[in-house]
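Peer 1:
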Amino acid sequence: MIKMDSDIFDLIKKANETTLKKHGNEISLERAIFLSWWCDKGDCAFCYMSTQKDKIKDPTKARRNVHNIYAEAEMCKRLNWNIEFLSGGYKSFTTAEIKEIATTIKNITGDSVWLNTGITDELEEYGSEIKGITGAVEVANPELHQKVCPSKSLDKISNMLDVAGDLGFQKAITVILGLGETLDDVDYLIDYIKDHKIDRVIFYSLNSHKETAYANSSQPASLYYAQVVSKIRLTFPDITIICGTWIDNLANIGILILSGANGITKFPLFKMFGTKYGKRVEEEVKWSGRQLKGTFTDKKQLGNPESNVDPELNKFIKRYIKESLKNKY
Ligand code: SF4
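All residue numbers for the sequence shown refer to UniProt numbering, where the first residue is 1 and numbers rise by one.
(1) Can methionine 75 be considered in contact with the ligand SF4, in the sense that its beta carbon sits closer than 7 Å to one or more heavy atoms?
(2) Verify whether the separation of the beta carbon atoms of leucine 86 and isoleucine 133 is less than 8 Å.
(3) What are the boundary residues of the alpha helix (DSSP H) that includes glycine 254?
(4) Report the rounded CA-to-CA distance for lysine 22 versus proline 237, giving the unit in angstroms.
(5) Near glutamate 93, what residues of its chain come up, given a Cβ to Cβ distance below 8 Å and the 5 sequence neighbours on each side ignored?
(6) For isoleucine 317 versus glutamate 74, is the C-beta spacing smaller than 8 Å?
(7) Straight-line CA distance for glycine 263 to tyrosine 70?
(8) By how many angstroms is the C-alpha of glutamate 143 removed from the C-alpha of tyrosine 214?
(9) In chain order, which continuous runs of the beta strand (DSSP E) of length 3 or greater are located wholly inside the segment 140-211?
(10) When we look at the beta-carbon of lysine 171 and count the other beta-carbons within 10 Å, is it buried (16 or more) or exposed?
(11) With a 10 Å radius around its C-beta and 16 neighbouring C-beta atoms as the bar for buried, classify glutamate 306 as buried or exposed.
(12) According to DSSP, simplified to helix, strand and coil, what is serine 230?
(13) Less than 7 Å separating the Cβ of glycine 180 from some heavy atom of the ligand SF4?
(14) Could you spell out the range, first to last residue, of the alpha helix (DSSP H) harbouring cysteine 76?
(15) Measuring only from the beta carbon, is methionine 49 closer than 7 Å to any heavy atom that is part of the ligand SF4?
(16) Relative to the ligand SF4, is the shortest distance from any of its heavy atoms to the C-beta of glutamate 300 smaller than 7 Å?
(17) Ordered along the chain, which non-local residues of its own chain (more than five positions away) have a Cβ less than 6 Å from that of leucine 11?
(18) Please classify lysine 91: does DSSP put it in a helix, a strand, or coil?
(19) Does the ligand SF4 have a heavy atom nearer than 7 Å to the CB of aspartate 199?
(20) Counting pairs of Cβ atoms below 8 Å between the segment 200-219 and the segment 238-246, do you hit three or more?
(21) Helix, strand or coil: which one does DSSP assign to isoleucine 83?
(22) Whole angstroms is fine: what's the gap from lysine 326's alpha carbon to glycine 88's?
(23) Can you tell which of Asp184, Glu282, Leu313 has the C-alpha that lies nearest to the C-alpha of residue 382?
(24) Between tryptophan 81 and leucine 29, how many whole angstroms is the CB-CB distance? I'm expecting something under 8 Å.
(25) Would you decide whether alanine 15 is buried or exposed? Buried here means 16 or more other CB atoms lie within 10 Å of its CB.
(26) Report buried or exposed for asparagine 252, applying the criterion of at least 16 other Cβ atoms within 10 angstroms of its Cβ.
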């Protein structure tokens with residue numbers, strides 16, 4: 001347990017020095033690209049998808065149009081946003097389909113992609129279009145995991161990550177803070193990262209959804225989040241750390257960057273583009289002494305309404321540009 005405020009600042013200061021030394025001063029904007037709005041598990045206690053499962057009768061109808069997915073990837077390239085991973089798709093897309101989508105995205109962006117598409121034993125089917133595999137660990141406490149994510153077996157996630165490593169893929173985990181874990185659980189996280197040789201940790205803060213067990217829970221405190229991230233950064237100077245923060249919590253960004261984040265995520269990027277919120281993100285990055293890779297405000301970067309890749313994407317590109325110029329706030 002941290003004793004005094006000065007200890008927190010000391011921890012963050014050291015984490016910041018370590019990050020700058022090992023990773024330089026660039027901060028990425030990360031965009032998770034969803035493949036579908038369906039989840040076959042649908043029972044994680046915090047998840048919006050768990051409130052939707054019974055409302056969707058046919059999972060294939062919740063699949064996104066692939067041209068929309070490709071247009072989103074093209075927009076990410078134009079704005080120099082990283083694709084955090086391809087997400088969702090449990091039972092909505094086959095492995096062969098996910099592979100094809102990843103290959104096309106690699107052709108569009110020039111970069112292979114991370115996957116966060118659930119537990120699978122078909123990793124052998126993937127090749128150079130995939131950079132790494134993400135295990136949705138979610139809960140930083142194994143006993144709590146059982147209760148919060150009853151259908152996502154931690155053993156199976158861990159096993160998949162080990163197989164991914166054997167096949168030469170990088171490995172990531174996602175962890176949501178605010179689910180009932182405590183600061184003491186950082187030790188478990190440290191062991192997990194060590195045991196499974198994790199290259200990248202993506203932290204999110206709880207976003208409590210109506211109709212879930214966490215509906216009335218608060219997001220974790222900024223300095224709690226910062227302590228967890230700093231401890232992980234100081235224990236693992238070389239790994240990549242991505243931190244998610246919601247639009248109602250943009251003030252977290254500066255402190256999370258100082259604590260060790262290499263990238264930030266979890267924004268409605270197109271909606272926030274060019275708005276006071278997009279500008280705020282850039283200000284947060286600037287005041288933490290970092291350089292933002294990509295833009296949240298430069299309208300020129302949105303480019304032409306025509307796709308550079310495939311005319312089939314035009315109508316979706318137009319829609320993304322329109323949304324980015326709308327200033328919804
Ligand atoms: S967290 Fe993932 S596996 Fe769990 S219900 Fe949500 S989408 Fe499904």
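Quick reminder that beta carbons are idealized off the backbone N, C-alpha and C, glycines included. Being a predicted model, the structure only gives us computed values, none of them experimental.
Peer 2: Taking the geometry as given:
(1) Position 75 of the sequence shown, counted from the first residue, corresponds to residue 75. No, the ligand SF4 has no heavy atom inside 7 Å of this Cβ.
(2) Locating residue 86 in the sequence shown gives position 86, where the first residue counts as 1. Locating residue 133 in the sequence shown gives position 133, where the first residue counts as 1. Cβ atoms of leucine 86 and isoleucine 133: not closer than 8 Å.
(3) Working through the sequence shown from its first residue, we reach residue 254 at position 254. Looking at the DSSP string, the run of the alpha helix (DSSP H) that includes glycine 254 is 252-259.
(4) In the sequence shown, counting from the first residue as 1, residue 22 sits at position 22. In the sequence shown, counting from the first residue as 1, residue 237 sits at position 237. In a straight line, the C-alpha of lysine 22 is about 7 Å away from that of proline 237.
(5) As a position in the sequence shown, residue 93 is number 93, starting the count at 1. For the record, residue 93 in the displayed sequence is phenylalanine; it is not glutamate. Cβ-Cβ distances below 8 Å link phenylalanine 93 to Leu35, Ser36, Arg63, Ile101, Thr117 in the same chain, with the five nearest sequence neighbours on each side left out; the list follows chain order.
(6) Working through the sequence shown from its first residue, we reach residue 317 at position 317. Working through the sequence shown from its first residue, we reach residue 74 at position 74. For isoleucine 317 and glutamate 74, yes; Cβs fall inside 8 Å.
(7) The residue you call residue 263 lines up with position 263 of the sequence shown. The residue you call residue 70 lines up with position 70 of the sequence shown. Looking at the backbone, the Cα of glycine 263 and that of tyrosine 70 are separated by about 22 Å.
(8) Reading the sequence shown from its first residue, position 214 is the one you call residue 214. Reading the sequence shown from its first residue, position 143 is the one you call residue 143. Going from the Cα of tyrosine 214 to the Cα of glutamate 143 covers about 17 Å.
(9) List check, beta strand (DSSP E) in window: 170-177, 200-205.
(10) As a working mapping, residue 171 is identified with position 171 in the sequence shown. Classification for lysine 171: buried.
(11) Mapped onto the sequence shown, residue 306 falls at position 306. Exposed.
(12) Looking up residue 230 in the sequence shown gives position 230. The answer is helix: DSSP assigns serine 230 an H, G or I state.
(13) Taking the sequence shown and counting its residues from 1, the one referred to as residue 180 is at position 180. Because no heavy atom of the ligand SF4 lies under 7 Å away, the Cβ of glycine 180 does not count as near it: no.
(14) Within the sequence shown, the letter at position 76 stands for residue 76. Element bounds for cysteine 76: 66-79.
(15) Locating residue 49 in the sequence shown gives position 49, where the first residue counts as 1. Result yes, Cβ under 7 Å from the ligand SF4.
(16) On the sequence shown, residue 300 is found 300 positions in, with the first residue counted as 1. In the sequence as displayed, the identity of residue 300 is lysine instead of glutamate. Here the distance from the Cβ of lysine 300 to the nearest heavy atom of the ligand SF4 is not below 7 Å.
(17) Along the sequence shown, read from residue 1 onward, the residue named residue 11 stands at position 11. The residues are Ser230.
(18) If you number the sequence shown from 1, residue 91 lands on position 91. Here lysine 91 sits in coil by DSSP.
(19) Sequence index remark: in the sequence shown, residue 199 carries index 199 (1-based). Checking the Cβ of aspartate 199 against the ligand SF4 gives no.
(20) Because the criterion of three Cβ pairs below 8 Å is met, the segment 200-219 and the segment 238-246 touch.
(21) Within the sequence shown, the letter at position 83 stands for residue 83. Strand, per DSSP.
(22) In the sequence shown, residue 326 corresponds to position 326, counting from 1. In the sequence shown, residue 88 corresponds to position 88, counting from 1. A straight-line Cα-Cα distance of about 28 Å links lysine 326 and glycine 88.
(23) Beyond the ends of the chain as shown, which are 1 and 329, falls residue 382; an answer cannot be given.
(24) The residue labelled residue 81 in the question sits at position 81 within the sequence shown. The residue labelled residue 29 in the question sits at position 29 within the sequence shown. Going by Cβ atoms, the distance from tryptophan 81 to leucine 29 rounds to 5 Å, so yes, they are a contact pair.
(25) Taking the sequence shown and counting its residues from 1, the one referred to as residue 15 is at position 15. So alanine 15 counts as buried.
(26) Numbered from its first residue, the sequence shown carries residue 252 at position 252. Under this definition asparagine 252 is a buried residue.
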